[in-house]
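Chemist:
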Amino acid sequence: MRRQMQEILPSVFLGPYGAAKDREALTAKGVTHVLIVRSTLERRLDPKFPDELKYHIVEVPEGPTENLILYFTECNKCIQQALADGGKILVHCNAGLSRSAAVVCAYVMESMWMPYNEAIQHVQCRRCCIHISEALLNQLREFEAIYQNRTAAPHRDGWAGKKRPHEKDDEGDMVME
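Right under this line is the structure:
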């Protein structure tokens, strides 16, 4: 199971690099797009079938301050575009356990409007071997507030981004002479 891809949501798969190299499995699942989430030190995680599949690579600087949260929105848009194109997408990192699992959790959170802990459970029920690092779990917790605020902001009282009509600018103001 660990070396194979699993379907987390309809048409959204999570797996290891090995699954991305398995042409037979990719074809059997109908995968048309691949999102590679790699560190700057993992350049060997490259597109294996660039003439057959659409690839998007997200390269995250390696280190203790790995900041994947900066890429969640980009990754979510990539997944959404693959689905909008009528495709199926595999999201992978090296082992499919931490980085790519965090990306898929962020997508589940935002697309399903699911709280952090439920999204982790949802992904883990489908790919039980995930082991997201504590640093990335913290970033997912932070992302929950970010996507909720971003989505909710335009709906606040129907006034987000609107100005008061010009004729009401001075309404009620006293003019001293």
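Numbering (UniProt numbering), first residue to last: 1 to 177. Just so it is clear, CB atoms sit at the ideal spot from N, CA and C, and this is done for glycine as well.
#1: In its own chain, which residues sit with a C-beta less than 6 angstroms from the C-beta of R127, not counting the 5 before and 5 after it?
#2: For the region 27-47 against the region 81-99, do three or more pairs of beta-carbon atoms, one drawn from each stretch, fall closer than 8 angstroms, so that the two count as touching?
#3: Give me the Cα-Cα distance between H122 and I8, rounded to the nearest whole angstrom.
#4: Would you mind sorting N138 into buried or exposed? The rule is 16 or more other CB atoms within 10 Å of its CB.
#5: To the nearest angstrom, how far is it from the Cα of A101 to the Cα of I132?
#6: With I79 as the anchor, note down where its alpha helix (DSSP H) starts and where it stops.
#7: Going by the CB atoms, is the gap between N94 and Y17 shorter than 7 angstroms?
#8: Considering only the alpha carbon of each residue, which of C105, T40 and M109 lies closest to Q124?
#9: With respect to the alpha helix (DSSP H) encompassing S100, which residues constitute its N-terminal and C-terminal limits?
#10: Grab the span of the alpha helix (DSSP H) containing K88 for me, first residue to last.
Modeler: So, from the data block:
#1: Hits under 6 angstroms: Q6 and L14.
#2: Short answer: they touch.
#3: So the two alpha carbons sit approximately 8 angstroms from each other.
#4: Burial is judged here by how many other beta carbons sit within 10 angstroms of a residue's own beta carbon; N138 has fewer than 16 and is exposed.
#5: Roughly 7 angstroms between the two C-alpha positions.
#6: Secondary structure note for I79: its alpha helix (DSSP H) is the uninterrupted segment F72 to A84.
#7: Yes, the pair counts as a contact, with Cβ atoms nearer than the cut-off.
#8: Ranking C105, T40 and M109 by CA distance to the CA of Q124 puts C105 first.
#9: From DSSP, the alpha helix (DSSP H) with S100 extends over R99 to M112.
#10: Taken as a continuous stretch (DSSP letters only), K88 belongs to no alpha helix (DSSP H), as it is neither H nor E.
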